[in-house]
């Protein structure tokens with residue numbers, strides 16, 4: 202969720218532009234005969250890491266443009282023609298290489314007669330949650346040590362974006378006199394206000410930067426940690442009572458930040474798009490302590506989409522199983538997290554080199570921390 | 202969508218109860234050694250079609266209860282013990298038998314490295330719509346002749362429920378002084394008001410029965426045809442200007458009603474749960490004439506769930522392909538529509554027999570109509 206649809210300051214835009222370029226260069230370096238998903242082949246594979254412009258020129262061949270969001274686009278002159286770089290989103294296809302080498306182990310097969318029912322586990326609180334997926338979520342968190350799953354209810358969502366809305370619904374009151382304030386410390390994921398206010402709900406309302414929030418009454422504070430867009434580990438900043446915390450932990454995985462301890466919050470949101478790279482599945486999950494909150498979240502998903510794709514849940518279960526197996530029995534690429542951490546490290550090296558060369562921007566410096574999962578100390582290397 | 206979460210009048214409840222019973226009997230008749238999906242075997246297969254009570258007793262073994270919705274449940278004394286019949290939903294698992302006999306043809310295989318991106322067709326208006334699925338939607342409508350697809354945009358949704366909300370968002374104005382009224386002729390799908398009002402949107406608001414609607418200003422009229430819950434073919438009923446029509450055609454398939462002609466409305470909603478029986482996929486689609494409406498619907502799905510499960514779309518493409526093939530080259534069960542129409546016919550026969558026997562209720566009588574797809578005349582046999 203947190204990688205998507207950002208509206209950036211100019212500085213953010215440019216830094217992201219560089220990050221994008223570096224990722225494209227890496228892609229070219231890794232996959233010399235790489236063909237992009239839309240069928241066009243990369244025909245421009247000269248040494249691209251000399252200037253920003255030549256890096257950008259690579260983008261013309263590889264970038265999957267999404268022309269509907271022009272506000273975040275940038276036009277540059279590459280190697281002789283106009284080049285449009287769309288900067289408003291990321292896409293976790295960089296993990297494809299890991300998944301390719303897992304072969305059949307991560308392949309899902311679903312016969313036509315399976316999974317026809319609305320129901321996955323009719324008797325459970327979250328009746329549309331596939332039990333196999335729930336089991337693998339718990340195993341994965343235990344393996345990585347990034348979140349406490351004991352005494353939690355799992356609610357599955359169509360991406361963590363849906364779960365964010367489910368949380369807002371669950372924490373609001375139908376009979377409230379005025380909408381509940383929703384805040385987050387700036388800079389925050391720019392889709393938060395858009396999603397929160399798109400229907401002009403009478404239940405909740407975006408109230409901006411948590412640091413300057415001083416309204417009386419109950420409120421919801423979103424804590425995105427590591428944060429999107431700046432990558433810092435975060436805690437609640439509002440210093441007054443009446444707040445309910447929601448932790449968006451989409452990036453709390455060892456490829457992005459050292460795992461210091463198992464997160465132990467009341468409401469925690471995760472997504473496969475950031476953990477395993479499967480954005481196309483649209484699968485997220487929430488770990489929720491309070492049964493009434495969990496029930497209301499389930500109710501929202503019922504009303505919003507009558508449950509969550511079973512096919513993607515079954516596939517997600519298989520994928521998590523393979524991730525866990527890769528942690529226990531690493532291949533030549535290591536576990537998924539070894540592979541992805543290495544990838545992020547390389548990209549940050551290239552990004553820092555490119556930014557140094559440009560002399561125009563600065564990048565945040567992160568302090569190293571000890572990671573209980575990777576058993577080494579390293580500085581955060583944010584996905585965003 | 203239209204089969205779900207209904208709050209019924211007492212009469213509706215009882216009629217549905219009988220329908221449920223008959224379906225259970227049929228299930229037992231069809232599948233003597235049938236095992237229900239949750240692993241419990243049916244151990245009670247005596248001749249069940251003698252009294253309502255004995256029919257209900259069958260339900261104890263087969264019914265997948267969903268205890269979270271007690272408002273629509275009914276407790277009866279079956280053959281010696283308490284029996285809880287949950288009447289608040291249907292589930293299209295009755296089509297499983299057709300899909301079983303298609304074998305590998307309808308099986309989907311997705312390797313772990315596929316469909317990782319957010320994007321399905323980055324350059325198109327609906328960037329998260331799988332092109333293969335779009336192609337099969339058009340082929341299916343052409344084969345069945347139930348909807349015009351020319352000069353329409355296809356928008357995919359996480360079930361038609363999400364598309365219903367996308368339509369409301371698309372047809373409302375962010376800067377409107379007051380919420381736009383949403384109406385439908387009673388009796389209407391009872392989830393409509395719940396979904397419409399659950400977030401107390403300032404953009405739109407449920408305004409009840411379309412027949413008694415007399416408020417000035419723009420409005421949205423939902424036309425569900427065949428209608429849920431009563432099965433009648435419908436047209437718009439509001440006789441004043443300023444209305445935009447939305448056609449929910451979830452049940453406009455030859456197993457439920459004669460296909461009189463290709464529907465040719467501005468906004469038409471469909472879902473695989475009713476056409477092929479794959480409710481667990483959570484896949485619906487809209488055929489939309491106006492490009493601006495389609496764009497706003499896409500925007501809603503972006504904000505709501507950042508697209509729609511690729512896995513389920515790919516599976517839906519495969520399933521539609523097999524349905525079309527079954528129309529061109531019918532097997533011993535006929536096409537899916539032959540099979541399903543026969544199933545519905547049998548169920549309605551049994552339902553009418555049971556209702557006659559009870560002497561307590563009446564069922565609607567439908568006039569036969571000519572079906573251009575099945576090439577015969579028959580009376581509607583609604584799924585709800």
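Residue numbers (this note's numbering), protein chains in the order written: chain Z, 202 to 585; chain E, 202 to 585.
Glycine included, each C-beta is placed from N, C-alpha and C at the ideal position.
Computed from a prediction, not measured in an experiment: that's the story for all the values here.
Contact check for residue 572 (chain Z) against residue 460 (chain Z) passes: the beta carbons are separated by less than 8 Å. Exposed is the label assigned to residue 530 (chain Z), since fewer than 16 other Cβ atoms lie within 10 Å of its Cβ. Shown here for residue 410 (chain Z): same chain residues with a beta carbon closer than 6 Å to its own, the five before and five after excluded, namely 387 in chain order. Contact of residue 518 (chain Z) with chain E is not assigned, every C-beta pair being separated by 8 Å or more. Annotation: residue 535 (chain E) is outside any alpha helix (DSSP H) and is labelled neither H nor E by DSSP. Measuring C-alpha to C-alpha distances from residue 337 (chain E) to each of E:433, E:522 and E:356 identifies E:522 as the nearest. Beta-bridge partners assigned by DSSP to residue 499 (chain E): none are found. Using a Cβ distance threshold of 8 Å, residue 395 (chain E) and residue 383 (chain E) do not count as a contacting pair. Counting every other CB atom within 10 Å of its CB across the protein chains shown gives residue 585 (chain E) a total of 16 or more, marking it as buried. Beta-bridge pairing by DSSP links residue 422 (chain E) to E:384 and E:446. For the set E:577, E:455, E:293 and E:342, the Cα lying nearest the Cα of residue 318 (chain Z) is the one of E:293. Assigned with DSSP and collapsed to three states, residue 504 (chain Z) falls in helix. When 7 Å is used as the limit between beta carbons, residue 337 (chain E) is near no residue of chain Z, the shortest such separation being about 14 Å. In the DSSP assignment, residue 310 (chain Z) forms a beta bridge with E:310. Cβ-Cβ distances below 6 Å link residue 456 (chain Z) to 538, 541, 542 and 545 in the same chain, with the five nearest sequence neighbours on each side left out; the list follows chain order.
Distance from the CA atom of residue 497 (chain E) to the CA atom of residue 372 (chain E), rounded to whole angstroms, is 8 Å.
Distance from the CA atom of residue 516 (chain Z) to the CA atom of residue 323 (chain Z), rounded to whole angstroms, is 20 Å. Here the alpha carbon of residue 525 (chain Z) sits roughly 14 Å from the alpha carbon of residue 534 (chain Z). At a beta-carbon threshold of 8 Å, the residues of chain Z lying near residue 402 (chain E) are 400, 401, 402 and 403, ordered along the chain.
Exclusion of the five residues before and after residue 357 (chain Z) leaves 330, 486 and 509 as the residues of its chain whose Cβ lies within less than 6 Å of its Cβ.
Taking 8 Å as the cut-off, the beta carbon of residue 404 (chain Z) is found closer than this to the beta carbon of residue 381 (chain Z). Here residue 479 (chain Z) is buried: its Cβ has 16 or more other Cβ atoms, across all protein chains shown, within 10 Å.
Annotation for residue 571 (chain Z): the continuous beta strand (DSSP E) segment containing it runs 570-572. Its chain contains 342, 346, 347, 348 and 349 as the residues whose beta carbon lies nearer than 8 Å to that of residue 463 (chain Z), once the 5 sequence neighbours on both sides are disregarded; these appear in chain order.
For residue 574 (chain E), the closest of E:566, E:375 and E:528 by C-alpha to C-alpha distance is E:528.
If you check the CB distance, residue 312 (chain Z) and residue 536 (chain E) do not come in under 8 Å. For residue 471 (chain E), the uninterrupted beta strand (DSSP E) segment begins and ends at 468-472. For residue 519 (chain E), the enclosing alpha helix (DSSP H) covers residues 511-529. Its Cα nearest to that of residue 502 (chain E), the residue E:363 stands out among E:402, E:519, E:363 and E:418. Close to residue 479 (chain Z), with beta-carbon spacing below 8 Å, are these residues of chain E in chain order: 316 and 317. The beta-carbon of residue 368 (chain Z) is placed no less than 8 Å from the nearest beta-carbon of chain E.
Taking a Cβ-Cβ cut-off of 8 Å, the neighbours of residue 296 (chain E) in chain Z comprise 317, given in sequence order. Residues of chain E whose Cβ lies closer than 9 Å to the Cβ of residue 395 (chain Z) are, in chain order, 504. When secondary structure is reduced to three states using DSSP, residue 324 (chain E) falls in the coil class, being assigned neither helix nor strand.
Residue range 577-579 is occupied by the beta strand (DSSP E) that includes residue 577 (chain Z).
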